[in-house]
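Participant: Chains H and V, in that order, are what the protein sequence lines are.
As numbered in this note's numbering, residues 248 to 424 make up the first sequence, in order.
As numbered in this note's numbering, residues 121 to 475 make up the second sequence, in order.
Using N, Cα and C, we set each Cβ at its ideal position, and we do this for glycine too.
No experiment lies behind these values; they were computed from the predicted model shown.
I'd like to ask you about the structure that follows.
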Amino acid sequence: MLCDKCKERPATVYFVQTINNKSVKQHLCQECANKAMGLQLGLGNFSDWLPLFASSQESVSLQEEKSCPLCHTTYADFAKSGKLGCSQCYTTFAKELSPLLYRLHATTEHRGKKPNVVQTAKTLQVPSQNEAQLQTKKLSPKEKLQKDLAEMVAQERYEEAAIIRDKIKEMEKAGGE
Amino acid sequence: MSESDYKESFINSPSTKWTEGYGKDSDIIISSRIRLARNLAETPFPQNSKPEAAKKIIQKVDEALSQSAKKQYEMLYMEDLQELERDMLVEKHLISPALAKKNTAGVSIRNDEGVAVMVNEEDHLRIQCFMPALQLEEAWNLANKVDNLLAEKLNFAYHEHLGYLTACPTNTGTGLRASVMLHLPLLTLSQEIKGIFAKVGKLGLAVRGIYGEESEIVGNLYQISNQVTLGLSEEEIISNLSDVVGQIIALERKARENMEKQYSRTIYDKVWRSYGIMHYAQSMSSVEMLSQISYLRLGMDMGILPNLSARFLNEMMVLGQPAFLQKQSGKPLLPEERDWERASMIRKKMQELER
Ligand SMILES: [Zn+2]
Ligand SMILES: [Zn+2]
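What follows is the structure, encoded as structure tokens:
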């Protein structure tokens, strides 16, 4: 569960506040709980968060219109609900999710169980019309770059990721899709 | 038992796997739970799925479980259950409050109630395994088996680098939430608990009350679980949690020993007073019930009340919840009426002990 307030960090504190005789119950992360209790964050602490905050702001405004091809969730939807719409969203919003996942788990690399069966069922499965369309749809150059970017970020190859991101930005400036 | 008998007991009986009350460190640990979040590939998550699609998913899971595990599982569709029955499943911890609110959801329960697979909650599947006392590894081994079994029939959303993909990024990776329910009366009394939990928080673990995420701390019962799900193996997550839990157990035991040395008469008095109240009270709130049960539990663990069992107290805890009380009395009850009904249930249970 994500923090009710910032939707960025896991909620670890169950916070009950009484305002005008009404009790407001929230699940908050430690930071938001500290703020809600009027505790001052140390200056050093606060500046640690600034860069992250700035980059997430930027990515939201850049990607406001992008939506997931499978479930049509936008990043704004996710920012509001804290829930992704489908597994494809992880690819669609790879760039935005990577820092968030890093903040939550301090890594972006899974080290646990892998599905252990090579499934015969998987290859036999007939995709629905919708899925079939998705699979055959050719990626535009920009989508291709976005996919590469997601991969680089997932592999924590940040230098290469930065180069790809610049390419995407140039492409956007040029006005082409 | 026949199919309908199982359904009947899933809902109506207060006894379930985790209430059994025996096992490692059962003087402090009430139960252990493992939950694995899984989703079907290329299918919108439950929040975005249409009712017909949601129903198909329940059927798929039902098929996968019943084909692979010869009649050990029964699927309950929420739409077939009354609100009261759903709430009773919540009170037994077999389903989450969120699942109970969804008509398009279901839960497949293994006959011994050691496994309950929730379908269409926040994720398509939430495989849950329950064990009494401290048995995290056992619960994980079981969950792992159920997961493998399901993976033979279902194509789970999995990413090479991110692992299992979940609706909320707090669960991505292993999708694993391991949790333990602890009874810590003395650490609570001495207020040491606050310092301990501040430290626990820094280790990536979370502390909550016992009835799910909404609950405040009552009855000296706490639930500790992992927060980080990505970047660690399942075994590492479980052993990290076990280590911390082990340290807390040692502290609580030490506090109990010290208390017994210094204040044994105070404790005796407190425990026997609770015993008396539980025998004769005419009205009791659920918060009071849980704190009286806490004294009885302590009395039992310290050998003051040898005729009690953890199972007896755990079942009383479930029977004293609102939906169980209303089922028992056969009609809806106002909170005040519930307090009378609860006290009456407790008196009856306590009389069983005198026989
Ligand atoms: Zn927050
Ligand atoms: Zn999506």
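Taking 6 Å as the limit between beta carbons, can you name the residues of its chain near H/Ala368, skipping five residues before and five after?
Facilitator: Start at 1 with the first residue of the first sequence, and residue 368 of chain H comes out as number 121. Since pLDDT at H/Ala368 reaches only 37, below the 50 mark, its modelled position is unreliable, and the value read off the structure follows with that caveat. Contacts found: none.
Participant: Shorter than 8 Å from the beta carbon of V/His279 to some beta carbon of chain H?
Facilitator: Start at 1 with the first residue of the second sequence, and residue 279 of chain V comes out as number 159. By this cut-off, V/His279 is an interface position.
Participant: On the three-state DSSP scale, how would you describe H/Gln380?
Facilitator: As a position in the first sequence, residue 380 of chain H is number 133, starting the count at 1. Annotation note: pLDDT 39 at H/Gln380 (below 50); position unreliable, no value reported.
Participant: Taking V/Gly419 and V/Val391 to be in contact with their CB atoms under 8 Å, please state how far apart those CB atoms are, rounded to whole angstroms.
Facilitator: Looking up residue 419 of chain V in the second sequence gives position 299. Looking up residue 391 of chain V in the second sequence gives position 271. That belief holds up - the Cβ atoms of V/Gly419 and V/Val391 are roughly 3 Å apart, short of 8 Å.
Participant: Any heavy atom of ligand 2 closer than 7 Å to the CB of H/Gly332?
Facilitator: One-based indexing of the first sequence puts residue 332 of chain H at position 85. It does: the Cβ of H/Gly332 is within 7 Å (strictly closer) of some heavy atom of ligand 2.
Participant: Could you tell me whether the Cβ of V/Pro217 comes closer than 8 Å to any Cβ of chain H?
Facilitator: Start at 1 with the first residue of the second sequence, and residue 217 of chain V comes out as number 97. No, V/Pro217 does not count as interfacial toward chain H.
Participant: Compute the minimum distance between the beta carbon of V/Thr286 and the heavy atoms of ligand 2, and state whether it is under 7 Å.
Facilitator: Numbered from 1 along the second sequence, position 166 holds the residue referred to as residue 286 of chain V. Flag unset: Cβ of V/Thr286 not near ligand 2.
Participant: Between the alpha carbons of V/Ala236 and V/Pro164, how many angstroms are there, rounded?
Facilitator: What you label residue 236 of chain V is simply residue 116 of the second sequence in a count that begins at 1. What you label residue 164 of chain V is simply residue 44 of the second sequence in a count that begins at 1. For V/Ala236 and V/Pro164, the distance between alpha carbons rounds to 22 Å.
Participant: For H/Thr259, return the contacting residues in chain V, with the cut-off set at a CB-CB distance below 7 Å.
Facilitator: One-based indexing of the first sequence puts residue 259 of chain H at position 12. Near H/Thr259 (Cβ distances below 7 Å), the residues of chain V are Gly321, Ala326, Gln347.
Participant: Note down the Cα distance separating V/Met422 from V/Phe317, rounded to an integer number of angstroms.
Facilitator: For the purposes of this step, residue 422 of chain V is identified with residue 302 of the second sequence, where counting begins at 1. For the purposes of this step, residue 317 of chain V is identified with residue 197 of the second sequence, where counting begins at 1. So the alpha carbons of these two residues sit roughly 25 Å apart.
Participant: Exposed or buried, which one is V/Ile413 when buried takes at least 16 other CB atoms within 10 Å?
Facilitator: In the second sequence, the residue the question calls residue 413 of chain V occupies position 293. Burial call: buried.
Participant: Between the stretch 249-258 of chain H and the stretch 299-317 of chain V, are three or more C-beta pairs nearer than 8 Å?
Facilitator: Cβ pair count under 8 Å is below three, so no.
Participant: Count the other CB atoms, across all protein chains shown, that sit within 10 Å of the CB of V/Pro171; report buried if there are 16 or more and exposed otherwise.
Facilitator: Translated into the one-based positions of the second sequence, residue 171 of chain V becomes position 51. Exposed is the call here.
Participant: Give a single yes or no on whether V/Gln91 has its beta carbon closer than 7 Å to a heavy atom of ligand 2.
Facilitator: Residue 91 of chain V lies beyond the range of chain V shown here (121 to 475); nothing can be said about it.
Participant: Going along chain H in order, which residues have a C-beta closer than 7 Å to the C-beta of V/Thr292?
Facilitator: If you number the second sequence from 1, residue 292 of chain V lands on position 172. Residues of chain H passing the Cβ test: Leu348.
Participant: Report yes or no: do the stretch 133-145 of chain V and the stretch 345-364 of chain V share at least 3 C-beta pairs separated by less than 8 Å?
Facilitator: Segments in contact, no.
Participant: Does the distance from the CB of H/Thr355 to the CB of H/Ser345 come in under 8 Å?
Facilitator: Along the first sequence, read from residue 1 onward, the residue named residue 355 of chain H stands at position 108. Along the first sequence, read from residue 1 onward, the residue named residue 345 of chain H stands at position 98. Yes, the Cβ-Cβ distance between H/Thr355 and H/Ser345 is below 8 Å.
Participant: Which stretch, first to last residue, makes up the alpha helix (DSSP H) that contains V/Ile369?
Facilitator: Here the question's residue 369 of chain V lines up with position 249 in the second sequence. Note, V/Ile369: alpha helix (DSSP H), 354-400.
Participant: Where does V/Gly396 land, buried or exposed, given buried means 16+ other C-beta within 10 angstroms?
Facilitator: In the second sequence, the residue the question calls residue 396 of chain V occupies position 276. Exposed: under 16 other Cβ atoms inside 10 Å.
Participant: Please confirm if the stretch 393-408 of chain V is in contact with the stretch 369-378 of chain V, defined as three or more CB-CB distances below 8 Å between the two stretches.
Facilitator: Because the criterion of three Cβ pairs below 8 Å is not met, the stretch 393-408 of chain V and the stretch 369-378 of chain V do not touch.
Participant: Roughly how many angstroms separate the alpha carbons of V/Gln441 and V/His303, rounded to a whole number?
Facilitator: On the second sequence, residue 441 of chain V is found 321 positions in, with the first residue counted as 1. On the second sequence, residue 303 of chain V is found 183 positions in, with the first residue counted as 1. Each residue's Cα considered, the two are about 18 Å apart.
Participant: If you run the structure through DSSP and keep just helix, strand and coil, what is V/Ile215?
Facilitator: To locate residue 215 of chain V, count along the second sequence from 1; it is residue 95. Here V/Ile215 sits in coil by DSSP.
Participant: Using 8 Å as the threshold, is the C-beta distance between H/Pro362 and V/Ala184 below it?
Facilitator: For this step, residue 362 of chain H is matched to residue 115 along the first sequence. For this step, residue 184 of chain V is matched to residue 64 along the second sequence. Against a cut-off of 8 Å, the Cβ pair of V/Ala184 and H/Pro362 comes out as no contact.
Participant: Mind checking whether the beta-carbon of H/Gln335 lies closer than 7 Å to any heavy atom of ligand 2?
Facilitator: As a position in the first sequence, residue 335 of chain H is number 88, starting the count at 1. The answer is yes for H/Gln335.
Participant: Measuring straight from C-alpha to C-alpha, what distance separates H/Glu407 and V/Gln202?
Facilitator: Residue 407 of chain H sits at position 160 when you count from the first residue of the first sequence. Residue 202 of chain V sits at position 82 when you count from the first residue of the second sequence. Rounded to the nearest angstrom, the two C-alpha atoms are 56 Å apart.
Participant: Could you tell me the distance, in whole angstroms, from the CA atom of V/Asn291 to the CA atom of V/Leu245?
Facilitator: Along the second sequence, read from residue 1 onward, the residue named residue 291 of chain V stands at position 171. Along the second sequence, read from residue 1 onward, the residue named residue 245 of chain V stands at position 125. Cα to Cα, V/Asn291 sits roughly 13 Å from V/Leu245.
Participant: Let me check one thing: in DSSP terms, what residues is V/Ser403 bridge-paired to?
Facilitator: As a first step, residue 403 of chain V must be located in the second sequence, where it is residue number 283. In DSSP, V/Ser403 forms no bridge with anything.
Participant: In the DSSP assignment, the beta strand (DSSP E) including V/Met422 goes from what residue to what residue?
Facilitator: Here the question's residue 422 of chain V lines up with position 302 in the second sequence. Counting along the chain, V/Met422 falls outside any beta strand (DSSP E), and DSSP gives it neither H nor E.
Participant: With 16 as the cutoff for other CB atoms within 10 Å, does V/Ser216 come out buried or exposed?
Facilitator: Within the second sequence, residue 216 of chain V is the residue found at index 96, counting from 1. Buried, because 16 or more other Cβ atoms sit within 10 Å of the Cβ of V/Ser216.
Participant: Give me the residue from V/Leu214, V/Leu323, V/Ser353 with the minimum Cα distance to V/Asp363.
Facilitator: In the second sequence, the residue the question calls residue 363 of chain V occupies position 243. Of the candidates V/Leu214, V/Leu323, V/Ser353, the one whose C-alpha sits nearest the C-alpha of V/Asp363 is V/Leu323.
Participant: For H/Lys272, which three-state DSSP category applies?
Facilitator: Start at 1 with the first residue of the first sequence, and residue 272 of chain H comes out as number 25. Note: H/Lys272 maps to strand in three-state DSSP.
Participant: Specify the secondary structure class of V/Tyr415 as computed by DSSP and reduced to three states.
Facilitator: As a first step, residue 415 of chain V must be located in the second sequence, where it is residue number 295. V/Tyr415: helix per DSSP, three-state reduction.
Participant: Nearest CA to the CA of V/Lys137: which residue from V/Leu209, V/Glu233, V/Asp125, V/Asp207?
Facilitator: What you label residue 137 of chain V is simply residue 17 of the second sequence in a count that begins at 1. For V/Lys137, the nearest C-alpha among the options comes from V/Glu233.
Participant: Starting from the N-terminal side, write out each stretch of the alpha helix (DSSP H) that is 4 residues or longer and does not extend beyond the stretch 216-266 of chain V.
Facilitator: Runs found: 217-220.
Participant: Would you mind telling me which residues of chain H sit closer than 7 Å to V/Asn159, beta carbon to beta carbon, in chain order?
Facilitator: The count along the second sequence starts at 1 and reaches residue 159 of chain V at position 39. Under the 7 Å cutoff, chain H gives Ser334.
Participant: Cβ of V/Met404 within 8 Å of Cβ of V/Asp459?
Facilitator: The residue given as residue 404 of chain V occupies position 284 in the second sequence. The residue given as residue 459 of chain V occupies position 339 in the second sequence. Contact flag set, yes.
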